[in-house]
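Residue numbers (my numbering): 43 to 104.
Cβ atoms here follow ideal geometry from the backbone N, Cα and C, with glycine treated the same way.
Keep in mind it's a predicted model, so treat the numbers as computed, not measured.
1. Work out the CA separation of residue 69 and residue 84 for me, nearest whole Å.
2. What is the DSSP secondary structure of residue 84, reduced to helix, strand or coil?
3. In the DSSP assignment, the alpha helix (DSSP H) including residue 52 goes from what residue to what residue?
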């Protein structure tokens, strides 16, 4: 099965660019996410992390 897929993919011209594009997208996403986490305000992070605990209706159900 793997030989079939490998041989089939070798016949497609320009396919070698797709792994590089996917790696670039993956790397860019995590760099942007890391930048957002570093630059996010501490008050915003605290507020968002307490959202599930702020609703008294949900607290009564537990």
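Quick look at the numbers:
1. The count along the chain shown starts at 1 and reaches residue 84 at position 42. The count along the chain shown starts at 1 and reaches residue 69 at position 27. In a straight line, the C-alpha of residue 84 is about 25 Å away from that of residue 69.
2. One-based indexing of the chain shown puts residue 84 at position 42. In the three-state scheme derived from DSSP, where H, G and I count as helix and E and B as strand, residue 84 is classed as helix.
3. For this step, residue 52 is matched to residue 10 along the chain shown. In the DSSP assignment, residue 52 falls within the unbroken alpha helix (DSSP H) covering 44-52.
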